[in-house]
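**Student:** Just so you know, the sequences run in chain order A and B.
Once you know that position 5 of the first sequence is 204 in my numbering, the rest is easy, because the numbers rise by one and skip nothing.
Once you know that position 197 of the second sequence is 215 in my numbering, the rest is easy, because the numbers rise by one and skip nothing.
All residues carry an ideal CB built from backbone N, CA and C; glycine is no exception.
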Amino acid sequence: MTILIRKLTPSKIKAERARLLKRAQVKSVPELRRKVQRYQASIEQQGIMMRLDGLSFLEGANPRVR
Amino acid sequence: MDIEEAAAQFTRELEALINKLIPFPVVLVAEWQQFRGVWRATISTADIAGLPISINAKPTFQLQFKYHCEFHTARKRLTVRSSSFKVMHAITRLPLWHYDYVWEMKKADSAIAHLNVHAHRNEIAAAMAIANPDSDNMEVQALHFPFGGPRFRPILEDVFEMLITEFNIDTAPGAIRVLKKSRNRYFERQLETAVFDQPETAAATLRQLGYIVEPPSLL
């Protein structure tokens with residue numbers, strides 16, 4: 200088994216978010232979300248959006264659909 | 019058991035399952051953090067693009083998934099708060115359908131687990147326009163096709179089984195057998211949790227079957 204498991208901290212989450220946004224070549228999470236919603240995102244950018252939602256969840260955000 | 023052990027155990031189970039389903043190795047990543055006294059964990063593929071799915075060795079789909087979990091210290095177990103399984107087309111990179119589970123779904127209890135299909139039908143768009151004339155989203159993928167509440171919802175095994183039975187995707191030998199075994203384990207866990215949720219109903223059913231069941235206060 201080769202799972203990667205790591206404990207994050209607020210500063211590590213901030214750094215990871217910045218790294219993911221850079222990799223997605225966007226300036227902000229809303230910009231990337233718009234690209235995903237408008238079918239303009241690559242497969243990798245869609246995966247990054249999922250990962251960014253995960254970071255928000257770790258920070259206390261709750262996924263909601265209204 | 020603590021959050022690290024629980025997250026590692028769940029992630030290992032998932033990874034072992036996936037590696038028995040598809041014919042190449044997959045690595046998963048689990049990350050966790052404490053928020054206001056609650057331990058939270060996320061699980062996804064280490065490869066940010068997700069899993070490539072092929073048919074007759076031809077790349078056809080891409081599967082991305084995520085689990086957002088909380089660790090219940092009293093019950094020493096991980097609870098999934100939300101999950102998403104998204105199937106995309108490998109070449110056009112467009113999303114095709116995705117199954118979501120959102121524990122705090124506000125729209126409808128019946129759609130806590132739901133399916134979104136990225137497709138278009140004029141008739142549905144027209145009905146949506148009548149129902150919500152001020153909305154700027156008249157696309158079918160905005161609809162949440164309900165798959166029930168938090169128990170016995172569609173899981174990763176179901177997504178794979180659908181891809182196997184409907185598209186004959188390339189799999190490792192014995193994939194269907196592995197899927198069925200894993201899903202039975204999931205059903206057992208769901209049943210266990212359902213008993214925690216509704217112990218009186220569980221006790222009444224067991225009494226109908228001839229078991230002698232007494233409330234804890236009488237023991």
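1. Report, in whole angstroms, the separation of the C-beta atoms of B:His-162 and B:Ala-108, which I expect to be a contact under 8 Å.
2. Could you tell me the distance, in whole angstroms, from the CA atom of B:Glu-122 to the CA atom of B:Cys-87?
3. Nearest CA to the CA of B:Gln-52: which residue from A:Ile-202, A:Arg-237 and A:Phe-256?
4. Name, going along the chain, the residues of the segment 222-249 of chain A whose beta-carbon falls closer than 7 Å to a beta-carbon of chain B.
5. B:Ala-131 and B:Gly-166 - do their beta-carbons sit closer together than 8 Å?
6. On a CA-only basis, which of B:Val-56, B:Ala-48 and B:Leu-209 is nearest B:Pro-168? Give me that one, please.
7. Got a sec? Which residues, its chain only, sit under 7 Å from B:Thr-189 by beta carbon, not counting five neighbours each side?
8. Distance, Cα to Cα, B:Ala-137 vs B:Glu-49?
9. Between B:Thr-29 and the rest of its own chain, which residues show a CB-CB distance below 7 Å, the 5 nearest in sequence each way excluded?
10. Taking the beta carbon of B:Arg-139 as the centre, do at least 16 other beta carbons fall within 10 Å, making it buried, or is it exposed?
11. Where in the segment 161-200 of chain B do unbroken runs of the beta strand (DSSP E), each at least 3 residues long, occur, reported from the N-terminal end onward?
12. Return helix, strand or coil for B:Ala-108, following the three-state DSSP convention.
13. Quick one: list the residues of chain B neighbouring A:Lys-213, beta-carbon separation under 9 Å, in chain order.
14. Please give me, in chain order, every unbroken run of the beta strand (DSSP E) with length at least 3 that falls completely inside the segment 27-105 of chain B.
**Tutor:** Quick look at the numbers:
1. With 8 Å as the limit, B:His-162 and B:Ala-108 do not qualify as a contact, their Cβ atoms being about 26 Å apart.
2. Answer to the nearest angstrom: the Cα atoms are 13 Å apart.
3. Checked all of A:Ile-202, A:Arg-237 and A:Phe-256; the closest Cα to B:Gln-52 is A:Phe-256.
4. So the list reads Tyr-238, Ser-241, Ile-242, Glu-243, Gln-245, Gly-246, Ile-247 and Met-249, given in the order they occur along the chain.
5. Yes.
6. By alpha-carbon distance to B:Pro-168, the top candidate from B:Val-56, B:Ala-48 and B:Leu-209 is B:Leu-209.
7. Leu-39, Ile-40, Pro-41 and Ile-182
8. 34 Å
9. Leu-46, Ala-48 and Ile-61
10. exposed
11. none
12. coil
13. One finds nothing in chain B with a Cβ atom closer than 9 Å to the Cβ of A:Lys-213; even the nearest lies about 12 Å away.
14. 46-53, 56-63, 69-73 and 76-90
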